[in-house]
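Which chain is which? The protein sequence lines are B and R, in order.
Heads up, the first sequence is in the working numbering, so the first residue is 449 and it goes up one at a time.
Heads up, the second sequence is in the working numbering, so the first residue is 449 and it goes up one at a time.
2 protein chains.
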Amino acid sequence: MKKTAHLFKALSEEIRLRILALLQDGELCVCDLMAVLELPQSTVSRHLTYLRHAGLVEGERRGVWMYYRLLDSGDPLARDLLRLLAGHLPLFEIIRQDRQALADYLADKKHNRCNEGANR
Amino acid sequence: MKKTAHLFKALSEEIRLRILALLQDGELCVCDLMAVLELPQSTVSRHLTYLRHAGLVEGERRGVWMYYRLLDSGDPLARDLLRLLAGHLPLFEIIRQDRQALADYLADKKHNRCNEGANR
DNA sequence: TCTTTGTATCCGCATATGCGGATAAGGTCA
DNA sequence: TGACCTTATCCGCATATGCGGATACAAAGA
Numbered sequence: 449m450k451k452t453a454h455l456f457k458a459l460s461e462e463i464r465l466r467i468l469a470l471l472q473d474g475e476l477c478v479c480d481l482m483a484v485l486e487l488p489q490s491t492v493s494r495h496l497t498y499l500r501h502a503g504l505v506e507g508e509r510r511g512v513w514m515y516y517r518l519l520d521s522g523d524p525l526a527r528d529l530l531r532l533l534a535g536h537l538p539l540f541e542i543i544r545q546d547r548q549a550l551a552d553y554l555a556d557k558k559h560n561r562c563n564e565g566a567n568r
Numbered sequence: 449m450k451k452t453a454h455l456f457k458a459l460s461e462e463i464r465l466r467i468l469a470l471l472q473d474g475e476l477c478v479c480d481l482m483a484v485l486e487l488p489q490s491t492v493s494r495h496l497t498y499l500r501h502a503g504l505v506e507g508e509r510r511g512v513w514m515y516y517r518l519l520d521s522g523d524p525l526a527r528d529l530l531r532l533l534a535g536h537l538p539l540f541e542i543i544r545q546d547r548q549a550l551a552d553y554l555a556d557k558k559h560n561r562c563n564e565g566a567n568r
């Protein structure tokens, strides 16, 4: 029960909802999120840790990078919530803007310092 | 978007989840909830106000009493969340205990000081 | 009007959480 | 190993939220 309350608390911050929305398009590493959300690294990392503890995302280290993705194998409530958010979040203007910013960022190879496909 | 975050914050406290579960069986007044949850009046009232501001419940005054019920006509996300909770909350032991306590309380007419059917 | 009952709000205090710079830790490559 | 990059955690501070007794407000009846 406390776990459930904690799950909702994880969803009760706008930044975390924006992160979840960005991850709906696929996994991202911390520096991708830093670039798109224009937030300091410690802030992004902290929120990702929060989401991970709530069972909403999982992280995988690949080389120097930590890739985060939505965790569909969580408990049933978490899974239902992620499904619900997938339907509702895209209706918000700021979410659409974030997705556009992500698309622009990914399209510009100069920025891809932390994507395995670039400069290395 | 901030409204959405606020909605989740309203669901991020165990007591508020318990209140919502009790209201799934029908409307209740503040003193009913005080009795079942064994919490002081100011605490119950404060949480109900929180839930009302989040658009999850509505209150109606009938005489001296304020009856609260789930608000199904809220925004789509709130409605979906209430539906989700209706399926998940009954799985928790404490919710079942609360519902039993409510049933006991309602069955005992001596306690019905704040129900219109009793002593008046 | 006065009293009683039920509810909402106020108050001071305690705790939880967020922030972002600073620092530590993990990983890669030369 | 040492330099460098990415990420996690620490730190002090600010704000948000919860608590529950005390008080104010609202409604009904004498």
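Glycine included, each C-beta is placed from N, C-alpha and C at the ideal position.
Cutoff 8 Å; reference residue i; Cβ partners in own chain excluding five residues on either side
i	result
L471 (chain R)	V505, Y516, R517 and L518
R466 (chain R)	L485, I542, I543 and D546
H495 (chain B)	E461, I463, R464 and I467
L487 (chain R)	I463 and L481
T491 (chain R)	I463
L537 (chain B)	L465, L468, A469, Q472 and I543
V520 (chain B)	The residue asked about is misnamed: residue 520 (chain B) is Asp in this sequence, not Val. Excluding residues within five positions, the ones whose Cβ falls inside 8 Å are R527 and L530.
Minimum Cβ-Cβ distance from residue i to chain R less than 8 Å
i	result
L465 (chain B)	yes
E461 (chain B)	yes
L525 (chain B)	yes
D556 (chain B)	no
F456 (chain B)	yes
T528 (chain B)	The question names Thr, yet the displayed sequence has Asp at residue 528 (chain B). So, interface residue.
L532 (chain B)	yes
8 Å Cβ cutoff, residue i in contact with chain B
i	result
A453 (chain R)	yes
D520 (chain R)	no
M449 (chain R)	yes
H536 (chain R)	yes
L487 (chain R)	no
Classification of residue i by the beta-carbon crowding that lies within 10 angstroms, buried from 16 upward
i	result
L533 (chain R)	buried
A551 (chain B)	exposed
L539 (chain B)	exposed
A555 (chain R)	exposed
D480 (chain B)	buried
Close Cβ partners of residue i (< 6 Å) along its chain, the five nearest in sequence each way excluded
i	result
G522 (chain R)	G503
In DSSP terms, what residue i is bridged to
i	result
E506 (chain B)	B:R517
L533 (chain B)	In DSSP, L533 (chain B) forms no bridge with anything.
L476 (chain R)	R:Y516
Spatial neighbours of residue i in its chain, beta-carbon cut-off 7 Å, leaving aside the 5 residues before and after
i	result
A549 (chain B)	V484
S493 (chain R)	V478
Check whether the segment 491-508 of chain B and the segment 454-472 of chain B touch, using three or more Cβ-Cβ pairs below 8 Å as the test. They touch, by the three-pair rule.
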